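Read the structure below first, then the notes.
Listed below in structure tokens is the structure:
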């Protein structure tokens with residue numbers, strides 16, 4: 046029976062490729078005949094789910110007939126059939142139809158080792174547990190990933206060729222401690238003095254190579270569980286001492302209750318430090334941390350005890366100002382801005398100054414937290430557009446130009462391109478951002494496209510095996526571009542191509558996924574990577 050199932054799936058793929066490659070309208074009768082054949086044959090040879098989907102689609106087009114189907118309409122109509130027929134590219138169809146255990150709340154791990162074989166092996170093992178795993182083989186990538194991805198666990202090797210694991214541990218120790226991130230050392234050197242040194246320098250655990258994977262997974266799971274329990278009850282941002290985003294929801298509910306009862310005006314201010322990424326890039330993340338800490342300290346010293354400051358994300362903060370009109374809030378924030386921008390920051394005999402931009406929104410009785418933050422955000426955007434370093438009060442006519450994220454899908458299979466376009470085109474990054482998906486049938490078409498000249502960040506999903514120019518060559522050429530740091534690259538590889546994975550990591554791939562992969566996992570990994578540049 047299996048050979049008939051394989052033959053049917055191959056025939057479906059062949060028909061879909063023919064339709065999509067031609068990019069010509071398909072007649073209604075041809076689509077109806079295709080679905081009718083699938084509905085009958087699929088269930089006969091044991092592909093019940095495919096038969097069920099085909100029957101439902103057949104009923105749908107019969108109830109809503111149209112003379113022709115254009116390519117995009119057909120792609121949208123047949124997306125579920127596409128997923129089923131590409132089970133060698135993605136997970137088995139039965140797994141697709143159940144909820145993936147991995148979600149936006151899944152733990153993320155940063156794994157640091159210059160032995161790429163170990164990186165690849167451990168990444169595969171840990172991802173089987175439902176964890177998101179990001180890898181780094183040198184200090185530069187490790188530091189960037191630590192600050193931008195904010196992992197829930199840090200795992201690093203003691204001995205590396207170009208980096209000393211203990212030096213890296215020393216570098217990360219204070220930041221990991223402030224953020225309550227468990228740090229685990231791994232090493233083939235299991236001597237007592239090595240283990241003691243690791244613990245003395247701040248490691249939370251030590252795992253000896255060769256790793257007992259069952260024990261390793263249990264230990265890491267326990268560390269992640271403790272971190273999750275701790276952060277669930279934490280109301281304060283670990284780094285800055287401001288309240289955290291989770292607590293903002295509770296405070297807003299309390300303030301709304303007070304507003305309804307007492308009819309006292311209050312405001313919400315959205316604050317964003319100007320050019321903060323440039324500070325990190327120029328002076329390093331440690332100095333960036335100092336800027337955040339001193340900013341919070343400065344604001345707290347200039348507000349009332351009833352005012353509350355929250356770290357909203359990265360360099361963004363929210364200030365809740367009860368019993369305050371919009372004019373009073375603007376006066377308060379201007380006073381804080383005027384004093385903060387005179388504070389000097391010193392590093393390596395240099396000094397620099399920092400400013401911030403503010404958007405203020407007045408709260409009404411029917412304002413939801415989401416709505417009021419969007420209002421403040423639009424005012425903040427206006428402040429940025431007008432030159433930064435200023436305070437703007439929200440008004441109804443303010444419009445926000447969405448920041449564009451380019452997402453390039455490079456794959457020679459038109460159906461894979463269709464499937465990934467449908468999946469990733471629906472990623473919601475909030476009210477400020479817009480995802481624009483571009484598809485390319487091979488690496489050469491991508492390298493000759495105008496997207497390389499656009500001054501915006503581009504996320505690239507790159508298939509390893511393609512005609513004309515394969516994925517590794519595309520990656521190599523991308524990293525030679527002047528704007529190479531504006532491309533985030535995820536490679537798609539097969540499980541038996543460890544050499545290609547190693548080469549991709551050496552060439553600077555930001556992440557990779559092996560086929561078959563889960564669509565939901567790819568979507569979530571793209572969300573996590575997009576957080577790095579938001």
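Numbering (our numbering), first residue to last: 46 to 579. Built from N, CA and C at the ideal position, the CB exists for glycine as well. If you're wondering where the values come from, they're calculated on a predicted model, not measured in any experiment.
If you drop the 5 nearest sequence neighbours on each side, which residues of the same chain put their C-beta closer than 6 angstroms to that of residue i?
i: residue 517; result: 548
i: residue 68; result: 116
i: residue 485; result: 455 and 491
i: residue 533; result: 504, 555 and 574
i: residue 253; result: 235
i: residue 80; result: 99, 102 and 103
i: residue 96; result: 84, 87 and 88
i: residue 292; result: 280
i: residue 333; result: 324 and 325
Can you name, in chain order, every residue of its own chain whose Cβ lies under 7 angstroms from the Cβ of residue i, other than the five neighbours on each side?
i: residue 234; result: 203 and 204
i: residue 171; result: 154 and 178
i: residue 39; result: No information on residue 39 is available, as it lies outside the stretch 46 to 579 that the chain covers here.
i: residue 357; result: 290 and 363
i: residue 447; result: 477, 478 and 479
i: residue 414; result: 294 and 297
i: residue 59; result: none
i: residue 465; result: 454 and 506
Starting from residue i, follow its DSSP beta bridges and name the residues at the other end.
i: residue 537; result: 508 and 558
i: residue 503; result: 451 and 532
i: residue 484; result: 454
i: residue 62; result: Its beta-bridge partners do not exist; DSSP assigns none.
i: residue 401; result: 318
i: residue 396; result: 391
i: residue 491; result: Answer is none; residue 491 lacks a bridge partner.
i: residue 438; result: 405
i: residue 252; result: 231
i: residue 181; result: 157
i: residue 261; result: Answer is none; residue 261 lacks a bridge partner.
i: residue 479; result: 449
i: residue 72; result: 113
Which residues in the same chain as residue i place their Cβ atom closer than 8 angstroms to its Cβ, once the five residues preceding and following it in sequence are excluded?
i: residue 77; result: 103, 106 and 107
i: residue 57; result: 83, 126 and 130
i: residue 288; result: 280, 281, 282, 296, 353, 354, 355 and 356
i: residue 140; result: Confidence at residue 140 is low in this model, with a pLDDT of 42, below 50, so the placement of that residue is unreliable and no value is reported for it.
Relative to the ligand ZN, is the shortest distance from any of its heavy atoms to the C-beta of residue i smaller than 7 angstroms?
i: residue 232; result: The model depicted lacks the ligand ZN and carries no ligand whatsoever.
Report yes if the C-beta distance between residue i and residue j is below 8 angstroms; otherwise report no.
i: residue 286; j: residue 341; result: yes
i: residue 363; j: residue 314; result: yes
i: residue 375; j: residue 436; result: yes
i: residue 213; j: residue 187; result: yes
i: residue 223; j: residue 277; result: no
i: residue 272; j: residue 217; result: no
i: residue 370; j: residue 302; result: no
i: residue 514; j: residue 488; result: yes
i: residue 434; j: residue 402; result: yes
i: residue 400; j: residue 319; result: yes
i: residue 113; j: residue 71; result: yes
i: residue 482; j: residue 507; result: no
i: residue 312; j: residue 408; result: yes
i: residue 460; j: residue 61; result: yes
i: residue 197; j: residue 274; result: no
i: residue 501; j: residue 449; result: yes
i: residue 330; j: residue 192; result: yes
i: residue 182; j: residue 161; result: yes
i: residue 361; j: residue 337; result: no
i: residue 165; j: residue 543; result: yes
Could you check if residue i is buried or exposed, using at least 16 other CB atoms within 10 Å of its CB as the buried criterion?
i: residue 142; result: With a pLDDT of 37 at residue 142, under the threshold of 50, the modelled position of that residue is not reliable, and no figure is offered here.
i: residue 211; result: buried
i: residue 55; result: exposed
i: residue 353; result: buried
i: residue 404; result: buried
i: residue 325; result: buried
i: residue 199; result: buried
i: residue 411; result: exposed
i: residue 440; result: exposed
i: residue 417; result: buried
i: residue 367; result: buried
i: residue 519; result: buried
i: residue 230; result: buried
i: residue 65; result: buried
i: residue 392; result: exposed
i: residue 207; result: exposed
i: residue 248; result: buried
Length-filtered (3 minimum) beta strand (DSSP E) runs lying within the region 333 to 390: The region 333 to 390 is shown to contain whole beta strand (DSSP E) runs of 3 or more residues at 353 to 358 and 361 to 366, in chain order.
Secondary structure, alpha helix (DSSP H): runs of 4+ residues fully inside the region 200 to 250: The region 200 to 250 contains these whole alpha helix (DSSP H) runs: 210 to 223 and 237 to 245.
Inside the region 83 to 138 only - alpha helix (DSSP H) runs reaching at least 4 residues: Counting only runs of 4 or more, we get 93 to 108, 116 to 122 and 124 to 130.
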